[in-house]
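What follows is a single structure, written as structure tokens, with notes after it.
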Amino acid sequence: MHSVFRIGDIQKLDKKSPLYEVELKLTSDDDQQLRQLTDHIRKEVNGTGWYRLEQASNDSGKAYIYHMLGMMKNGKGQYTEAASFYEMFLRIKRKTLPEDHPSLANIYNNIGGV
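For what it's worth, the working numbering labels the leading residue of the sequence shown as 1144, then goes sequentially.
Okay, here's the thing in structure tokens:
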């Protein structure tokens, strides 16, 4: 995990100054509350794309979500899955864009980069 701090105490330096002194406490690697929070956030983030994909009512919305899921999988090093999402994104975009449209070049670049 990265360095995570809890905010301890906050005090204004003096009445005339707009500055505050903030006491930070470094969390330990076995902090149970932090672990529960990060696990919860991780579950939410992984589920959000699928939920949005189900809610997308048109091809444009689905294309955007496939693109974002591809970027997310690429960032996580899950390259095969990223390429699949980029290809689904490309399939939808090719229905509405001419073959020489610059946006398609970016999609091909994303596929080639994974």
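We put the CB at the ideal spot given by N, CA and C, even for glycine. Note that this is a predicted model, so its numbers are computed, not measured.
- Within the model, the alpha-carbon separation for I1184 versus Y1229 is close to 25 Å.
- By the Cβ-count criterion, A1225 is buried, with 16 or more other Cβ atoms from all chains shown falling within 10 Å of its own Cβ.
- The way I'd put it, the region 1205-1217 does touch the region 1232-1248; three or more beta-carbon pairs between them come closer than 8 Å.
- If you draw a straight line from the Cα of N1253 to the Cα of V1165, it comes to about 43 Å.
- For L1162, no alpha helix (DSSP H) encloses it, and the DSSP letter there is neither H nor E.
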